[in-house]
Structure formats: C-alpha cells, structure tokens
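Residue numbering for the sequence shown follows the numbering used here, beginning at 285 and increasing consecutively.
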Amino acid sequence: MDRDRIRRLLPEAGIPGEHYGKLNREQRSVVMHGGGPMLVLAGAGTGKTTTVTHRVARLVETGADPGSILLLTFTNKAARDMMMRAGRLIGESIGGLWGGTFHHLCNMILRMHGAESGYPESYTIMDRDDTRQMMKEILSELRSDGIVPKPAVLIAINSLAKNSGRTIEQIVQERFFPLSENIPGISQAIRSYEERKERLNLLDFDDLLVNTLDLLCKNGTVADAYQERFMHILVDEYQDTNHIQAEIVDRLAELHRNLMVVGDDAQSIYSFRGADFENIIRFTDRYPEAETYRLTTNYRSTPEILELANDAISHNTRQFRKELRSVKYNSGKPCITALE
C-alpha cells in the first residue's frame with residue numbers, strides 16, 4: 285500500500301487535547317504519528333503504558349472506529365486497564381475495541397470460524413494443569429528404553445517446537461541435548477499427546493496460536509475480513525513475541541499496515557519460552573517504511589543506576605542504540621552485596 289492511501293485511512297493530526305500536554309516530547313511524537321508502521325523502543329520506566337494509552341485515545345478521538353482497533357498485550361488485565369484509561373482521557377467509554385492477549389484473540393477467531401478452522405466451536409481449552417496431567421497419563425502408558433523427561437519438560441519441548449516452527453528433534457538437540465539419545469521416545473509421547481487432544485476435541489494454548497495462523501494463511505476469506513477490519517494494530521511487549529505471534533500480526537496488518545509495536549530489545553529475556561529476539565531486531569526489515577521512535581526519559585530510576593545500566597547494555601553486539609536519562613536527582617551509587 286502506498287503512503288498516500290495510508291494517510292487517507294488515518295485522520296489528519298490536529299491540535300492535541302489538553303491531556304496530551306502532559307506527555308514529554310518523545311511520547312508526543314509517538315502519539316501524534318500519522319499512518320503506517322512504527323517501532324517504539326521503550327526503555328524501562330519511560331512511560332510506555334502511558335504512551336500506548338494516549339495513542340489509543342488519539343485514534344478514537346480523531347475518528348477511528350474502536351471496532352477497527354486491535355490492542356494486543358501479554359495479559360488481558362493490561363488491555364482492560366489501557367482501554368479504561370484511554371476512555372477517561374477522552375471522556376467516554378471505548379466500546380468495541382478488540383483488546384487482550386494473543387490467546388484471547390485467537391480463541392475468539394477460532395470460535396467464530398470453527399468450520400473453517402476444522403475444529404467444532406465447542407472445543408475445550410486445556411490449562412497448564414490439564415496438559416501436564418494428560419502427558420503424565422501418556423507416559424504411564426508408554427514404555428521407553430531411553431531417558432524419559434518429566435511431563436513439564438515434554439510439554440516445553442512441544443511448545444518450543446510449535447512456536448518456533450522447528451521440529452521436535454531440532455529442539456531437543458539444540459536445547460535439551462542430554463535427552464537427544466531418546467528422541468524417538470520423546471517424539472512418540474508428544475505424538476500420542478497430540479492425537480489424544482484431537483480425539484477429545486481439546487486445544488492447548490499453543491494450538492490456539494498455531495491453528496489461527498493456519499486459518500489466516502489457508503482461508504483467504506477469513507484473512508481478508510480481519511485484515512479489512514483491523515485498520516490499527518498495537519502490540520505491547522513486542523520483544524517477547526514468538527515466531528507464530530509475529531506471523532499472526534503480520535498477516536492481520538497486511539492490508540492497512542498501520543501497525544505499532546512497542547518493546548525494548550534490552551528486556552528480551554523469555555527466549556526459554558520461545559520468544560524470538562529477531563522479531564523486534566528485524567522489524568524494519570519486514571516493514572522498511574516504518575518509523576522508529578525512542579522513549580529514553582526514565583521516571584523510575586536514579587541517574588547512577590541508569591549510568592550503570594547504560595554501560596552494561598552497551599556491550600551488546602546486536603541492539604538498538606539508546607541511552608536512558610533520569611528525571612530524578614542524583615543519589616548514592618548502586619552497590620552489589622553478596623549474600624550467602
């Protein structure tokens with residue numbers, strides 16, 4: 285889509301309301317962004333939630349239909365809080381906005397398109413206790429000559445494979461190498477787990493993501509409907525997304541490309557759960573027209589703590605360069621205490 289069409293889809297930025305005057309210059313630049321994709325690099329304590337909330341309020345205030353906005357967060361409570369705060373800013377409730385976790389979004393899509401997804405709308409979602417119990421039962425039924433990991437480890441292997449698009453064998457060899465001598469036994473247990481879920485019409489959390497992406501990729505009618513619907517997509521904590529989640533976002537944003545991702549590459553700490561650091565690092569490769577903003581004014585820490593943090597993170601070989609600045613007065617130097 286060309287830039288002219290993007291601008292036509294987004295109301296022109298006018299004079300901001302009084303509540304926008306409380307934002308700093310960096311935050312205001314993000315909130316007043318025109319159309320098209322943007323990467324917001326938000327350092328710790330820089331008012332990320334405030335900025336996202338004001339951006340949602342700005343979109344609605346300038347004419348965007350709340351039903352055309354998708355806000356993806358890592359907890360449903362965070363999405364509800366942001367929507368409530370945005371509503372207070374503009375003096376009205378923001379109804380119809382799609383907000384919540386990736387799993388919440390995917391569950392809604394699959395429920396509404398059960399026939400197209402290949403699953404009855406009556407499927408049951410398994411929680412973590414359910415998955416562990418099922419895997420425990422399967423292990424008790426199977427016999428293996430090799431090392432058989434605990435149910436939680438098998439579930440982690442399966443989850444990493446699904447969320448990264450890799451095979452069970454690759455995950456075991458790369459992350460669980462001591463178990464590699466029993467890849468056949470591990471694969472058999474996971475295969476039995478998947479077959480039992482399908483037979484009982486059960487989905488785990490990973491299935492919600494995988495099946496939604498599969499639906500969006502294979503069913504053009506469903507994909508077109510959601511691409512048309514979501515004119516504005518905002519994703520919080522983008523550095524913690526995995527391969528499947530990033531692919532879902534890319535599919536949904538394919539038409540309008542009004543995509544705002546917010547995150548901090550310096551806070552990417554969930555690779556053990558499948559989070560892919562490359563999603564945020566290579567965002568501008570996938571969206572070359574994206575504008576990049578940095579939030580660097582820190583309201584949480586003292587100058588001395590930030591100086592230490594800035595120096596420590598400066599040694600990262602792959603990162604977006606930014607230096608956090610404190611608004612607080614000088615304090616004592618941070619110290620490290622060893623406890624036995």
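Note that the Cβ used here is the ideal one computed from N, Cα and C, for glycine as well.
Rounded to the nearest angstrom, what separates residue i and residue j at their Cα positions?
| i | j | result |
| --- | --- | --- |
| M322 | V545 | 7 Å |
| K481 | I474 | 11 Å |
| L373 | H338 | 8 Å |
| G327 | R369 | 21 Å |
| G298 | E573 | For G298, the pLDDT reaches just 43, beneath the cut-off of 50, and the residue's location in the model is therefore unreliable, leaving the point undetermined. |
| R459 | I467 | 13 Å |
| R541 | G320 | 5 Å |
| A362 | G375 | 20 Å |
| A436 | G347 | 48 Å |
| V456 | D498 | 24 Å |
| G305 | R605 | 27 Å |
| I441 | I378 | 40 Å |
| E624 | P618 | 20 Å |
| R602 | A550 | 10 Å |
| T357 | G371 | 17 Å |
| G331 | Y477 | 43 Å |
| R578 | G329 | 13 Å |
| I290 | D349 | Any reading at I290 is ruled out, since the residue's pLDDT is 36, under 50, leaving its predicted position unreliable. |
| I439 | R309 | 46 Å |
| I452 | E465 | 13 Å |
| Q454 | D560 | 16 Å |
| T576 | V336 | 15 Å |
| H397 | A596 | 48 Å |
| R450 | L381 | 34 Å |
| G402 | K434 | 31 Å |
| H388 | T408 | 14 Å |
| L479 | H303 | Checking the sequence shown, residue 479 turns out to be Glu, not Leu. Taking the straight line joining both Cα atoms gives about 54 Å. |
| N594 | P404 | 51 Å |
Are the beta-carbon atoms of residue i and residue j separated by less than 8 Å?
| i | j | result |
| --- | --- | --- |
| G558 | S443 | yes |
| D488 | M410 | yes |
| L325 | D548 | yes |
| S406 | N503 | no |
| S448 | N526 | yes |
| L626 | N582 | Summary: the structure shown does not reach residue 626, with the chain confined to residues 285 through 624, and so no result is reported for it. |
| L492 | I532 | no |
| Q311 | T333 | no |
| G383 | R412 | no |
Would you call residue i buried or exposed, if buried means 16 or more other Cβ atoms sit within 10 Å of its Cβ?
| i | result |
| --- | --- |
| I553 | exposed |
| K420 | exposed |
| L608 | buried |
| N495 | buried |
| M366 | buried |
| T598 | The sequence shown places Ser at residue 598, rather than the Thr named in the question. By the 10 Å Cβ count, S598 comes out exposed. |
| A537 | buried |
| G469 | buried |
| A622 | exposed |
| A530 | buried |
| K446 | buried |
| T415 | buried |
| S610 | buried |
| R292 | With a pLDDT of only 35 at R292, under the threshold of 50, the placement of this residue in the model should not be trusted, and no figure is reported. |
Could you check which residue in the options has the C-alpha nearest to that of residue i?
| i | options | result |
| --- | --- | --- |
| F386 | I528, T346, G547 | I528 |
| I620 | V456, I441, L592, L381 | L592 |
| R570 | R535, Y407, L389 | R535 |
| I565 | Y304, E531, Y522 | Y522 |
| T505 | T335, Q603, A399 | A399 |
| T627 | V519, T330, L307, E479 | Nothing about residue 627 can be read from this structure; the chain reaches only from 285 to 624. |
| L539 | T335, E453, E478, Q511 | Q511 |
| R483 | G384, M418, P462 | M418 |
| L543 | D560, F567, S555 | F567 |
| P462 | D414, A530, V432 | V432 |
| S555 | L438, R416, D524, D349 | D524 |
| L307 | H388, T580, T408, A622 | T580 |
Is the shortest distance between the beta-carbon of residue i and the beta-carbons of chain B less than 8 Å?
| i | result |
| --- | --- |
| Y554 | You won't find chain B in this structure, because it holds only one protein chain. |
Please confirm whether any heavy atom of the ligand SAH lies closer than 7 Å to the CB of residue i.
| i | result |
| --- | --- |
| R475 | Absence of the ligand SAH from the depicted structure is noted, as is the absence of any ligand whatsoever, leaving it without description. |
How about the segment 352-361 and the segment 514-528: do they share at least three Cβ pairs that are nearer than 8 Å?
yes
Three or more C-beta pairs closer than 8 Å, one from the segment 383-394 and one from the segment 416-427: is that the case here?
Taking a cut-off of 8 Å on C-beta distances, the segment 383-394 does not touch the segment 416-427, as fewer than three cross pairs fall below it.
Quick test of the definition: if touching needs 3 or more C-beta pairs under 8 Å, does the segment 580-591 touch the segment 609-616?
yes
Inspect the CB distances between the segment 332-348 and the segment 306-316 and report whether three or more fall short of 8 Å.
yes
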